[in-house]
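Enquirer: Residue numbers (full-length UniProt numbering): 1 to 338.
Submitted below is the structure of interest, expressed as structure tokens.
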């Protein structure tokens, strides 16, 4: 069953009528109430009593709880507060706040978990210039705003140096080049590197060495890979789609859904270095979409927003997957053509 956002007023009320008005065989019949044709689906829903008691928001969340992830429920609740004007936001919050935690519950007690859900939604509301206080929802008794993971610089640096001592000569040379480029960086220039190596030659080990060395110096690093398996091997790795919010399917004209001045954009903007594994598997337009996003976030017309880009992979392995493509089309879609 397809869901419809309450912001899409007519389609939302059409869905209400389809669910609760039996026997309708046409749009006109759905709009007909007591032998009178209403002008809109919303009017018909009101006259049928599907909206008058204010429970439509409750029904919406009850349905969403069945098939949406907790993070999606938090986003839905935020959208509902911003755009749907629920009659009693406090009751909605008290009714569904226990359905909105996910990984928070693994490490914290119930009160702390509730507070973390509160501040996660509060951050989304703040992006739109609103706050929970605007809707009469009180601040939790436990103060624990979501913050980025604290990093033990000494431990990171010690671990990075220990890994560095085990690198071979070629790996040490690449690490030195990349660290040097960071210390020589400027806001108007970009530094891009490519780590080429066959499978099993230590590319992932080199990436993680760089991560620990950079973080030990207080440098923010993002690590991404094209597949989830490769991302799991990186320190705090994410897939390219997840980190940069690229659409599926990814087309030549696709762009990221992240907008400047949002929480996700702020996380990316604070990063000084991006390490990107499995780059040869990426279609060239994935790199293009990331480039556009980074330029927008940093507000400068420099490749990748002036960040240190460390790409790597093996062109001997899988190239971008393009259905029914011939050799020239595969080459055109590859990183070499970006």
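Glycine included, C-beta positions come from ideal geometry on N, C-alpha and C.
Between the segment 205–217 and the segment 287–299, are three or more C-beta pairs nearer than 8 Å?
Expert: The answer is no - the segment 287–299 does not touch the segment 205–217, with fewer than three Cβ pairs under 8 Å.
Enquirer: Do you know how far the Cα of residue 187 is from the Cα of residue 181?
Expert: Position 181 of the chain shown, counting from 1, holds the residue named residue 181. Position 187 of the chain shown, counting from 1, holds the residue named residue 187. The straight-line gap from Cα to Cα measures roughly 12 Å.
Enquirer: Buried or exposed: where does residue 31 fall if 16 or more other Cβ atoms within 10 Å of its Cβ makes it buried?
Expert: Along the chain shown, read from residue 1 onward, the residue named residue 31 stands at position 31. Around the beta carbon of residue 31, 16 or more other beta carbons sit within 10 angstroms, so the residue counts as buried.
Enquirer: By Cβ distance, which residues of its chain are closer than 6 Å to residue 10, with the 5 residues on each side in sequence left out?
Expert: Against the chain shown, residue 10 aligns to sequence position 10. Closer than 6 Å at Cβ, skipping near neighbours: 41.
Enquirer: Return the chain-ordered ranges of every alpha helix (DSSP H) run that is complete within the segment 140–217 and spans a minimum of 4 residues.
Expert: Within the segment 140–217, the runs of alpha helix (DSSP H) that reach at least 4 residues and sit entirely inside it are, in chain order, 153–164, 169–183 and 203–216.
Enquirer: Counting only the same chain and skipping the five closest in sequence on each side, list residues whose C-beta sits under 8 Å from that of residue 101.
Expert: Within the chain shown, residue 101 is the residue found at index 101, counting from 1. Closer than 8 Å at Cβ, skipping near neighbours: 70, 113, 114, 116 and 117.
Enquirer: Excluding the 5 residues flanking residue 111 on each side, which residues of the same chain have their C-beta closer than 6 Å to its C-beta?
Expert: Here residue 111 corresponds to residue number 111 of the chain shown, with the count starting at 1. Apart from sequence neighbours up to five positions away, the residues of its chain that approach residue 111 with a beta-carbon distance below 6 Å are 142, ordered along the chain.
Enquirer: If I'm right that residue 231 touches residue 304 with Cβ under 8 Å, what's the distance once you round it to whole angstroms?
Expert: On the chain shown, residue 231 is found 231 positions in, with the first residue counted as 1. On the chain shown, residue 304 is found 304 positions in, with the first residue counted as 1. That pair is no contact at about 19 Å.
Enquirer: State the DSSP-derived secondary structure class of residue 225, mapped to helix, strand or coil.
Expert: The sequence position of residue 225 within the chain shown is 225, counting from 1. Reduced to three states, the DSSP call for residue 225 is strand.
Enquirer: Thinking C-alpha only, which one of 95, 237 and 307 is nearest residue 179?
Expert: Residue mapping note: residue 179 aligns to position 179 of the chain shown, counting from 1. The shortest C-alpha separation from residue 179 is found at 307.
Enquirer: Look up residue 318 in the DSSP assignment and say whether it is helix, strand or coil.
Expert: Here residue 318 refers to the residue found at position 318 of the chain shown. In the structure shown, residue 318 sits in coil (DSSP, three-state: anything other than H, G, I, E or B).
Enquirer: Could you give the DSSP three-state label for residue 308: helix, strand or coil?
Expert: Counted from its first residue, the chain shown places residue 308 at position 308. Note: residue 308 maps to strand in three-state DSSP.
Enquirer: Do residue 334 and residue 284 come within 8 Å of each other at the CB atom, strictly closer than that value?
Expert: Your numbering for residue 284 matches position 284 in the chain shown. Your numbering for residue 334 matches position 334 in the chain shown. Yes, Cβ-Cβ distance for residue 284 and residue 334 is below 8 Å.
Enquirer: List the DSSP bridge partners of residue 238.
Expert: The residue labelled residue 238 in the question sits at position 238 within the chain shown. According to the DSSP secondary-structure assignment, residue 238 is paired through a beta bridge with 224.
Enquirer: Considering only their Cβ atoms, is the gap separating residue 278 from residue 225 smaller than 8 Å?
Expert: Against the chain shown, residue 225 aligns to sequence position 225. Against the chain shown, residue 278 aligns to sequence position 278. Yes, they are a contact pair.
Enquirer: Which partner residues does residue 343 have in the DSSP bridge list?
Expert: Outside the modelled stretch of the chain, which goes from 1 to 338, sits residue 343, for which no answer is possible.
Enquirer: Return the bridge partner residues of residue 36 from the DSSP annotation.
Expert: Along the chain shown, one-based indexing puts residue 36 at 36. Beta-bridge pairing links residue 36 to 33.
Enquirer: Let's test the definition: count the other Cβ atoms within 10 Å of the Cβ of residue 39 and tell me whether it reaches 16, buried, or not, exposed.
Expert: Residue mapping note: residue 39 aligns to position 39 of the chain shown, counting from 1. Exposed: under 16 other Cβ atoms inside 10 Å.
Enquirer: Look up residue 269 in the DSSP assignment and say whether it is helix, strand or coil.
Expert: As a position in the chain shown, residue 269 is number 269, starting the count at 1. In the structure shown, residue 269 sits in a helix (DSSP, three-state: H, G or I).
Enquirer: For residue 156, which residues in the same chain have their Cβ closer than 7 Å to its Cβ, ignoring the five residues on either side in sequence?
Expert: Stepping through the chain shown from its first residue, residue 156 is reached at position 156. Here the set comprises 212, 215 and 216.
Enquirer: Determine the direct distance from the alpha carbon of residue 287 to that of residue 252, and round the result to whole angstroms.
Expert: One-based indexing of the chain shown puts residue 252 at position 252. One-based indexing of the chain shown puts residue 287 at position 287. Between residue 252 and residue 287, the C-alpha separation is close to 10 Å.
Enquirer: Looking at the secondary structure, which residues open and close the alpha helix (DSSP H) in which residue 78 lies?
Expert: Mapped onto the chain shown, residue 78 falls at position 78. First-last of the alpha helix (DSSP H) with residue 78: 70–83.
Enquirer: Looking at the structure shown, is residue 117 part of a helix, part of a strand, or coil, going by DSSP?
Expert: Locating residue 117 in the chain shown gives position 117, counting from the first residue. In this structure, residue 117 counts as helix in the three-state DSSP scheme.
Enquirer: Looking at residue 223 and residue 200, is the spacing between their C-beta atoms short of 8 Å?
Expert: Working through the chain shown from its first residue, we reach residue 200 at position 200. Working through the chain shown from its first residue, we reach residue 223 at position 223. No, the pair does not count as a contact, with Cβ atoms beyond the cut-off.
Enquirer: For residue 172, which of 183, 274, 205 and 317 has the nearest alpha-carbon?
Expert: Within the chain shown, the letter at position 172 stands for residue 172. That would be 205, whose Cα lies nearest to the Cα of residue 172.
Enquirer: Can you list, in chain order, the residues of its chain whose CB lies under 8 Å from that of residue 360, leaving out five sequence neighbours each side?
Expert: Since the first residue of the chain shown is 1 and the last is 338, residue 360 is not available in this structure.
Enquirer: Go ahead and pull the three-state DSSP assignment for residue 345.
Expert: With the chain represented from 1 up to 338, any question about residue 345 goes unanswered, as that position is not in the structure.
Enquirer: Under the three-state reduction of DSSP, which class applies to residue 292: helix, strand or coil?
Expert: Residue numbering aside, residue 292 sits at position 292 when the chain shown is read from its first letter. Of the three classes helix, strand and coil, the one that applies to residue 292 here is helix, per DSSP.
Enquirer: Could you pull out every residue in the same chain whose Cβ sits closer than 6 Å to the Cβ of residue 197, ignoring the five residues on either side in sequence?
Expert: If you number the chain shown from 1, residue 197 lands on position 197. Excluding sequence neighbours, residue 197 sits near 203.
Enquirer: Near residue 324, what residues of its chain come up, given a Cβ to Cβ distance below 7 Å and the 5 sequence neighbours on each side ignored?
Expert: Along the chain shown, read from residue 1 onward, the residue named residue 324 stands at position 324. Excluding residues within five positions, none has a Cβ falling inside 7 Å.
Enquirer: Can the beta-carbon of residue 271 be found less than 8 Å from the beta-carbon of residue 240?
Expert: For this step, residue 271 is matched to residue 271 along the chain shown. For this step, residue 240 is matched to residue 240 along the chain shown. Not closer than 8 Å, so no.
Enquirer: Give the straight-line distance between the Cα atoms of residue 250 and residue 319, rounded to the nearest whole angstrom.
Expert: Start at 1 with the first residue of the chain shown, and residue 250 comes out as number 250. Start at 1 with the first residue of the chain shown, and residue 319 comes out as number 319. The alpha-carbon atoms of residue 250 and residue 319 are separated by roughly 15 Å.
Enquirer: In angstroms, rounded to a whole number, what distance separates the CA positions of residue 33 and residue 75?
Expert: On the chain shown, residue 33 is found 33 positions in, with the first residue counted as 1. On the chain shown, residue 75 is found 75 positions in, with the first residue counted as 1. Going from the Cα of residue 33 to the Cα of residue 75 covers about 34 Å.
Enquirer: Roughly how many angstroms separate the alpha carbons of residue 87 and residue 132, rounded to a whole number?
Expert: On the chain shown, position 87 is the one that residue 87 refers to. On the chain shown, position 132 is the one that residue 132 refers to. In a straight line, the C-alpha of residue 87 is about 15 Å away from that of residue 132.
Enquirer: Look at the alpha carbon of residue 13 and the alpha carbon of residue 274, and state the distance between them as a whole number of angstroms.
Expert: The residue given as residue 13 occupies position 13 in the chain shown. The residue given as residue 274 occupies position 274 in the chain shown. Taking the straight line from one Cα to the other gives about 45 Å.
Enquirer: Mind checking residue 3: buried by the 16 CB within 10 Å criterion, or exposed?
Expert: On the chain shown, position 3 is the one that residue 3 refers to. Label assigned to residue 3: exposed.
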